[in-house]
Amino acid sequence: MSDLRLDTTQLDRYSRHVIMDEIGPEGQQRLLEGSVLIVGAGGLGAPAIQYLAAAGVGRLGIVDDDDVERSNLQRQIVHGDDDIGRPKVASAADHVAALNPDIDVETHQTRVTASNVDELVADYDVVLDASDNFATRYLLNDHCVLTETPLFHGAIYRFEGQITSFTNDRSGDDDPPCYRCIFPEAPEPGTVPDCATTGVLGVLPGTVGCIQATEVVKYLIGKGDLLEGRLLMYDAMDMTFEEVPVQSNPACPVCGDDPEIESVEDVAYEGTCEISAD
């Protein structure tokens with residue numbers, strides 16, 4: 001870590017962090033030197049972007065290929081009425097600039113694919129998955145496992161959310177699980193409707209995205225227990241949280257004892273995200 005160099009303005013801005021024993025100036029410096037790639041600037045990405053920027057995570061990459069639509073505004077809080085029709089990455093970047101001038105934002109107006117995932121992820125410390133489709137989730141998981149990049153997952157459906165964290169650190173005695181250990185394959189296409197079909201409670205992604213951002217901050221400062229090995233299930237209607245323990249799967253095709261996936265080129269990231277037969 002570089003020499004501590006918080007200036008007077010930063011000491012004021014981050015004072016509620018600096019006075020905490022668990023963070024202090026050293027932890028804040030770690031945040032300022034940290035970098036996060038956020039895939040998706042929608043319901044989950046919006047609160048994650050907002051709070052990571054406010055916390056002082058120094059470099060944020062934002063990936064999204066969509067434009068802002070009026071129907072987004074019920075939950076995607078970094079966009080406003082004046083942003084309708086603009087690229088989401090541009091709207092989100094403007095929001096961060098107004099919130100915290102310390103933050104460098106890099107925008108990537110594209111969809112993550114097997115051909116560009118390495119270039120997108122390579123320069124960031126961690127990836128926050130705020131995507132809304134299974135193909136992107138499996139692609140990010142497989143790439144992050146293969147490159148040992150920490151991945152922070154969140155997903156929502158109607159009134160429910162799920163969150164977990166994958167450090168992808170396999171240097172210890174017990175290997176941690178990955179997304180495929182929990183969900184080996186994606187559901188058949190058409191079996192899980194999207195929010196445009198079934199709707200989504202507007203405040204739900206705020207809760208889930210904030211928990212994802214919390215996990216990222218804890219990881220960057222090296223404090224606290226992450227949700228690794230634990231899948232947190234949230235039901236907003238019943239206001240309940242259920243924690244489900246998860247373990248690595250020795251037969252996992254990407255992180256198991258005899259992995260079949262050695263490159264993201266081995267997988268067809270459509271349909272059920274199965275390993276290509278050829």
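Okay, so the sequence shown: first residue is 1 according to full-length UniProt numbering, each after it adds one. The beta-carbon is built from N, C-alpha and C at its ideal position, and this holds for glycine as well.
{"Query": "My output table needs one value for D67: the three-state DSSP class, helix, strand or coil.", "Result": "strand"}
{"Query": "Rounded to whole angstroms, what's the CA-CA distance from I23 to T191? Just pull it up for me.", "Result": "44 Å"}
{"Query": "Could you have a look at S165 and say whether DSSP puts it in helix, strand or coil?", "Result": "strand"}
{"Query": "Leaving aside the five residues before and after T136 along the sequence, list all residues of the same chain whose C-beta is less than 6 Å from its C-beta, in chain order.", "Result": "V112"}
{"Query": "Report the three-state DSSP secondary structure of V105 (helix, strand or coil).", "Result": "strand"}
{"Query": "Are the Cβ atoms of L139 and A114 separated by less than 8 Å?", "Result": "yes"}
{"Query": "Which residues does DSSP list as the beta-bridge partners of P176?", "Result": "Beta-bridge pairing links P176 to no other residue."}
{"Query": "For T164, is the classification buried or exposed, using 16 other Cβ atoms within 10 angstroms of its Cβ as the cut-off for buried?", "Result": "buried"}
{"Query": "My assumption, with CB atoms under 8 Å, is that E148 sits in contact with R170. Please give the rounded CB distance.", "Result": "7 Å"}
{"Query": "Since V246 is in the alpha helix (DSSP H), which residue starts that stretch and which ends it?", "Result": "First-last for V246: undefined, no H or E at that position."}
{"Query": "Whether or not the stretch 242–257 and the stretch 86–102 are in contact is what I'm after, with contact meaning three or more pairs of Cβ atoms, one per stretch, closer than 8 Å; do they touch?", "Result": "no"}
{"Query": "For the stretch 151–163 against the stretch 205–221, do three or more pairs of beta-carbon atoms, one drawn from each stretch, fall closer than 8 Å, so that the two count as touching?", "Result": "yes"}
{"Query": "Per DSSP, what kind of secondary structure is Y14 in: helix, strand or coil?", "Result": "coil"}
{"Query": "In the DSSP assignment, what residue or residues form a beta bridge with V121?", "Result": "Answer is none; V121 lacks a bridge partner."}
{"Query": "Identify whether H143 lies in helix, strand or coil by the three-state DSSP scheme.", "Result": "helix"}
{"Query": "According to the neighbour-count rule (16 or more other Cβ atoms, all chains shown, within 10 Å of its Cβ), is D258 buried or exposed?", "Result": "exposed"}
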